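Q: Just dropping this structure here.
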Amino acid sequence: MLRRVVLQAATHRRRRPFLPSSIYAFRQCSISASSSSSSESSQNSNSSFVEHLEGPNQSTETTAQSSTTISIDRSGLYNPPDHSHQPSSDSELVKHLKGIIKFRGGPISVAEYMEEVLTNPKDGFYMNRDVFGVAGDFITSPEVSQMFGEMVGVWVMCLWEQMGQPNRVNLVELGPGRGTLMADLLRGASKIKKFTESLHIHMVECSPTLQKLQHCSLKCTDKDDADGNLEKQIISKLSETPVSWHATLEQVPTGVPTIIIAHEFYDALPVHQFQRASRGWSEKMIDVAEDSSFRFVLSPQPTPASLYIMKRCKWAEREEIAKLDHIEVCPKAMDLTQNIAKRISSDGGGALIIDYGLNGIVSDSLQVWCLLLLIVLLTCFSR
Ligand SMILES: C[S@@+](CC[C@H](N)C(=O)[O-])C[C@H]1O[C@@H](n2cnc3c(N)ncnc32)[C@H](O)[C@@H]1O
Numbered sequence: 001m002l003r004r005v006v007l008q009a010a011t012h013r014r015r016r017p018f019l020p021s022s023i024y025a026f027r028q029c030s031i032s033a034s035s036s037s038s039s040e041s042s043q044n045s046n047s048s049f050v051e052h053l054e055g056p057n058q059s060t061e062t063t064a065q066s067s068t069t070i071s072i073d074r075s076g077l078y079n080p081p082d083h084s085h086q087p088s089s090d091s092e093l094v095k096h097l098k099g100i101i102k103f104r105g106g107p108i109s110v111a112e113y114m115e116e117v118l119t120n121p122k123d124g125f126y127m128n129r130d131v132f133g134v135a136g137d138f139i140t141s142p143e144v145s146q147m148f149g150e151m152v153g154v155w156v157m158c159l160w161e162q163m164g165q166p167n168r169v170n171l172v173e174l175g176p177g178r179g180t181l182m183a184d185l186l187r188g189a190s191k192i193k194k195f196t197e198s199l200h201i202h203m204v205e206c207s208p209t210l211q212k213l214q215h216c217s218l219k220c221t222d223k224d225d226a227d228g229n230l231e232k233q234i235i236s237k238l239s240e241t242p243v244s245w246h247a248t249l250e251q252v253p254t255g256v257p258t259i260i261i262a263h264e265f266y267d268a269l270p271v272h273q274f275q276r277a278s279r280g281w282s283e284k285m286i287d288v289a290e291d292s293s294f295r296f297v298l299s300p301q302p303t304p305a306s307l308y309i310m311k312r313c314k315w316a317e318r319e320e321i322a323k324l325d326h327i328e329v330c331p332k333a334m335d336l337t338q339n340i341a342k343r344i345s346s347d348g349g350g351a352l353i354i355d356y357g358l359n360g361i362v363s364d365s366l367q368v369w370c371l372l373l374l375i376v377l378l379t380c381f382s383r
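In the UniProt record's numbering, the protein residues as written are 1 to 383.
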């Protein structure tokens with residue numbers, strides 16, 4: 001599976017156009033980690049340095065307090081800005097991530113970090129720009145050739161035929177990017193009127209910017225409201241098909257046969273990472289080091305995601321697990337697959353899920369791409 005985590009940053013971009021500041025902060029981590037005096041440490045297969053968490057610092061400092069209080073009115077004095085030795089170039093997203101870690105009083109999971117980096121409403125990678133195509137950070141199959149969307153369309157039409165050509169079908173796309181796949185599908189199918197007239201397109205997309213691009217790719221317009229309905233309907237002019245947008249699959253109306261397409265969507269879902277330690281599988285977490293860079297640490301006790309690693313290991317051969325020091329699990333992918341299966345078994349339909357990667361347990365799929373360059377960031381992220 002190619003997983004692309006591109007960390008966006010505001011303040012560094014001007015000075016380091018290819019290296020967002022959150023990535024920069026991670027790079028610094030390798031220095032801080034290797035010079036750390038942590039009690040227990042280990043090197044993973046990708047040479048990333050991970051520290052084990054120590055227990056909470058028990059030492060309390062008592063400060064001598066004077067019994068008399070002298071108060072000074074400083075309101076008329078010059079107030080100098082706070083002095084700090086840290087570079088003040090952290091992007092808003094990095095500040096936000098560090099804020100979460102500080103507020104929690106401890107590290108966060110790789111999954112939480114990844115989710116913030118990709119889909120934080122304000123600064124998330126997907127949220128406010130077009131990241132696809134030759135001018136973007138990466139390219140996907142529908143952007144390479146229109147045949148990709150057309151072939152998926154042939155698959156959808158065959159399924160519709162097999163279902164007995166129902167009059168109403170929800171055609172759902174999870175994570176439609178620029179909307180290129182769906183546009184090619186509708187354009188290719190537009191001559192088969194009975195098919196396109198049965199469709200209602202549901203785009204499941206979290207990014208407002210990409211929703212606008214999809215609206216444009218599908219040549220959407222508001223339908224003239226001759227019936228006086230309060231809710232306006234949006235129609236794709238490519239095939240005169242109604243289109244709706246949703247943030248999650250759960251929001252797509254039920255009760256109608258449903259065909260679901262997901263191309264490189266699972267790839268964007270946050271993963272939890274585990275490392276084999278003396279006490280068993282420990283979750284890799286992300287913390288802030290003393291020099292203010294990010295660093296990996298291992299959770300000292302089982303985490304909620306530990307349930308998913310047990311589930312994942314049940315599906316694998318013992319010999320496969322015995323060879324591994326690192327395992328990645330994606331609870332959101334497991335839950336989503338279950339929801340898709342439930343919906344199809346209750347409403348009828350089918351799902352086509354396309355992603356790329358290993359057919360087996362994944363150890364570490366995180367990659368960072370920026371403007372089509374693979375960025376090497378803390379060696380464990382560079383696979
Ligand atoms: C790797 S892109 C794939 C784009 C498209 N399918 C293609 O092949 O070009 C992932 C897509 O999923 C969307 N996405 C990521 N996480 C999401 C989430 N949690 N909910 C809804 N959409 C999400 C992104 O905004 C983006 O449109």
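No residue lacks a Cβ here, since even glycine has one placed at the ideal position from N, Cα and C.
Treat the numbers as computed from the prediction; the structure is a model and nothing was measured.
Does DSSP put Lys323 in a helix, in a strand, or in coil?
A: Lys323 falls in the coil class under three-state DSSP.
Q: The beta strand (DSSP E) with Asp222 in it runs from where to where?
A: Cys220 to Asp222
Q: Following the continuous alpha helix (DSSP H) through Met114, name the residue where it begins and the one where it ends.
A: Val110 to Thr119
Q: Report the three-state DSSP secondary structure of Arg178 (helix, strand or coil).
A: coil
Q: Quick one, which of Val117, Trp245, Met114 and Cys158 has its alpha-carbon nearest Gly177's?
A: Trp245
Q: Restricting to runs no shorter than 4 residues, where is the alpha helix (DSSP H) found entirely within the segment 116-148?
A: 141-144
Q: With respect to 7 Å, is the separation between the Cβ of Cys216 and the closest non-hydrogen atom of ligand 1 below this value?
A: no
Q: What are the partner residues of His263, as DSSP defines its beta bridges?
A: Ile354
Q: Could you tell me how far apart the beta carbons of Ala247 and Cys206 are, in whole angstroms, since I believe they sit closer than 8 Å?
A: 6 Å
Q: Mind checking who Lys232 pairs with in its DSSP beta bridge?
A: In the DSSP output, where bridge partners are listed per residue, Lys232 has none listed.
Q: Just to confirm, is the Cβ distance from Pro142 to Asp90 under 8 Å?
A: no
Q: So the candidates are Tyr266, Cys158, Val154 and Ser299; which of them puts its Cα closest to the Cα of Arg276?
A: Ser299
Q: Sorted by chain position, which residues of the same chain lie with C-beta nearer than 8 Å to Glu116's C-beta, five sequence neighbours on each side aside?
A: Leu93, His96, Leu97, Ile100 and Gly124
Q: Report the CB separation of Glu320 from Ser365 in whole angstroms; it is logged as a contact under 8 Å.
A: About 16 Å separates the two Cβ atoms, so there is no contact after all.
Q: Quick one: does the C-beta of Pro208 sit closer than 7 Å to a heavy atom of ligand 1?
A: no
Q: In whole angstroms, what is the alpha-carbon distance linking Arg168 and Gly188?
A: 19 Å
Q: Using the C-alpha atoms, what's the distance from Glu231 back to Ile353?
A: 32 Å
Q: How about His202: is its Cβ closer than 7 Å to a heavy atom in ligand 1?
A: no
Q: Taking the straight line between their C-alpha atoms, what separation do you get for Lys323 and Glu283?
A: 18 Å
Q: Among Ala135, Leu210 and Leu181, which has the Cα closest to the Cα of Val154?
A: Leu181
Q: Tell me the DSSP bridge mates of Asn170?
A: His200 and Thr258
Q: Residues in the same chain with beta-carbon distance under 6 Å from Phe274, minus the five sequence neighbours each way, listed in chain order, please.
A: Trp281, Glu283, Ile309 and Ile327
Q: With a CB to CB cut of under 6 Å and the five nearest residues on each side skipped, what residues in its chain are close to Phe132?
A: Within the same chain, Phe132 has close Cβ partners Glu143, Gly177 and Arg178.
Q: Measuring straight from C-alpha to C-alpha, what distance separates Leu174 and Gly360?
A: 24 Å
Q: Out of curiosity, what's the CA-to-CA distance linking Tyr356 and Ile261?
A: 15 Å
Q: Give the single residue among Ser190, Pro242, Pro253 and Glu150 whose Cα lies nearest to the Cα of Asp224.
A: Pro242
Q: Between which two residues does the alpha helix (DSSP H) containing Ala333 stretch?
A: Pro331 to Asp347
Q: Look at Met285 and Ser109 and say whether their C-beta atoms are less than 8 Å apart.
A: yes
Q: What separation, rounded to the nearest whole angstrom, lies between the Cα atoms of Pro304 and Arg312?
A: 14 Å
Q: Please state whether DSSP places Val297 in a helix, a strand or coil.
A: Assignment of Val297 by DSSP, reduced to helix, strand and coil, places it in the strand class.
Q: Should Gly177 be counted as a contact of ligand 1 given a C-beta to heavy atom distance under 7 Å?
A: yes
Q: With a CB to CB cut of under 8 Å and the five nearest residues on each side skipped, what residues in its chain are close to Trp160?
A: Pro166, Val169, Phe195, Ser198 and Ile259
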